[in-house]
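Read through the structure below, which is laid out as structure tokens, and then see the notes.
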Amino acid sequence: IPNLTQTTQLCILKMDNIDLLAYRHILILCPNLYLFQFTMLNQHEELHYIEPHLNLKKIIIKFQSLIKSISDCAMSHYLSCVPNLEQFIVHEINFDVNIKEYLDYNWFASLIDKQLPLLRQFKYYLHAYGIKQNNDNIINRIEANFKQIHNKKYQSRLILKLLHSFPSD
12 IPNLTQTTQL CILKMDNIDL LAYRHILILC PNLYLFQFTM LNQHEELHYI EPHLNLKKII
72 IKFQSLIKSI SDCAMSHYLS CVPNLEQFIV HEINFDVNIK EYLDYNWFAS LIDKQLPLLR
132 QFKYYLHAYG IKQNNDNIIN RIEANFKQIH NKKYQSRLIL KLLHSFPSD
């Protein structure tokens, strides 16, 4: 990113491993960015203000969660500056998870309500490895909770990819 200069030509950008500071720089340097896909680093830095980026319509954020899901506060920094976002896609990769932890999860619903008034589509992919138990009743309750929380305000979908073993290299 240090050598990136402002470009109005760039509309789609896909990157790995960026922090909040890099995210801010990319939004400033790419004013016509329409789609941005990246892997968020689990850093807890805080920026007080990111200039609104009004052209970004679709964002795909991947993050790895080793213990528990990322907080609304951390995700808020990434979404607070994209008020015209229409599609929000999350890929959470979680290892050695207790699936019951997701029974009371809010799936960023309150954050979406506050910061994304134009959202039309929300997809949440939960890639969970090392599932300790795979109780269909718990999974059904998680899916019902997701549907209830997002309550047809926009098209929403939860995709669960649950595995008892870890991926091999």
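In our numbering, the protein residues as written are 12 to 180.
All residues carry an ideal CB built from backbone N, CA and C; glycine is no exception.
Only a predicted model underlies this, so the values are computations on that prediction, with no experimental measurement involved.
The closest CA to that of Lys73, considering only Asn146, His138, Arg168, Gln166, is found on His138. Here the alpha carbons of Asn148 and Ile61 stand approximately 42 Å from one another. The beta carbon of Ile29 lies closer than 6 Å to those of Phe49 in the same chain, with the five residues before and after it left out. Between Leu96 and Ile70 a beta carbon distance of about 6 Å is seen, short of the 8 Å cut, so the two are scored as contacting. In the three-state reduction of the DSSP assignment, Ser167 falls in the strand class, which pools E and B.
Put simply, of Ile123, Arg131, Leu15, Tyr116 the residue whose alpha carbon is nearest the alpha carbon of Asn156 is Tyr116. Excluding the 5 residues flanking it on each side, Thr18 has same chain C-beta neighbours closer than 7 Å at Leu40, Cys41, in chain order.
The alpha-carbon separation between Ile150 and Leu130 amounts to approximately 26 Å.
Beta-bridge partners of Asn105 (DSSP): Ser76, Ala139. Annotation: Leu65 to Tyr136 spans about 26 Å, alpha carbon to alpha carbon.
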